[in-house]
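Notes to accompany the following structure.
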Amino acid sequence: MMCKVLIFGCISVAMLMTTAYGASLSSAKRKPLQTLIKDLEILENIKNKIHLELYTPTETQECTQQTLQCYLGEVVTLKKETEDDTEIKEEFVTAIQNIEKNLKSLTGLNHTGSECKICEANNKKKFPDFLHELTNFVRYLQK
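With mature numbering (1 follows the signal peptide of the UniProt record, and there is no 0) applied, the sequence shown corresponds to residues -22 to -1, 1 to 121, in that order.
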């Protein structure tokens, strides 16, 4: 009897944790995360050449889906703003395009909070800070 209670308790905790934090990512979702990290590291080399302020989400753990959507929208803005910039080499343009593609592939995650801010309600940060926060968010998703 005690064994059944213990097993039921463990299953209940596992279900609650999955509901609260989402199921662990499949290998299909992990690959874009690894690629994202590599592309974000490429952008580290030019972070001080990009003079943009972009909305940067702060409720990353509670609002994963909205955070992904916000970062995706801001990466699209980044792509548009840098595509005609002659100082930005093709390698970096390609990295930005890859980041956009991989963020799109992740937007099906189920971490959705009911009281999450819209993207424009977040503060704008300079590109180096935006890049740092986005990198931290992607690393959080890898766990």
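We put the beta carbon where it would ideally sit given N, CA and C, even for glycine.
Because the structure is a prediction, the values reported are computed rather than measured.
Per DSSP, cross-strand counterpart(s) of residue i
i   : result
L32 : K103
Coarse secondary structure for residue i, derived from DSSP in three states
i    : result
N76  : helix
D62  : coil
G86  : coil
K121 : coil
K16  : helix
T38  : coil
K67  : coil
Beta-carbon separation (whole angstroms), residue i vs residue j, contact threshold 8 Å
i    : j   : result
L56  : I74 : 6 Å
V53  : T60 : Wrong, their Cβ atoms sit about 10 Å apart, outside the cutoff.
D107 : T42 : Their Cβ separation, rounded to whole angstroms, is 20 Å, which puts D107 and T42 out of contact at 8 Å.
K104 : E31 : 6 Å
Inter-residue Cα distance where the pair is residue i and residue j
i   : j   : result
E69 : L21 : 9 Å
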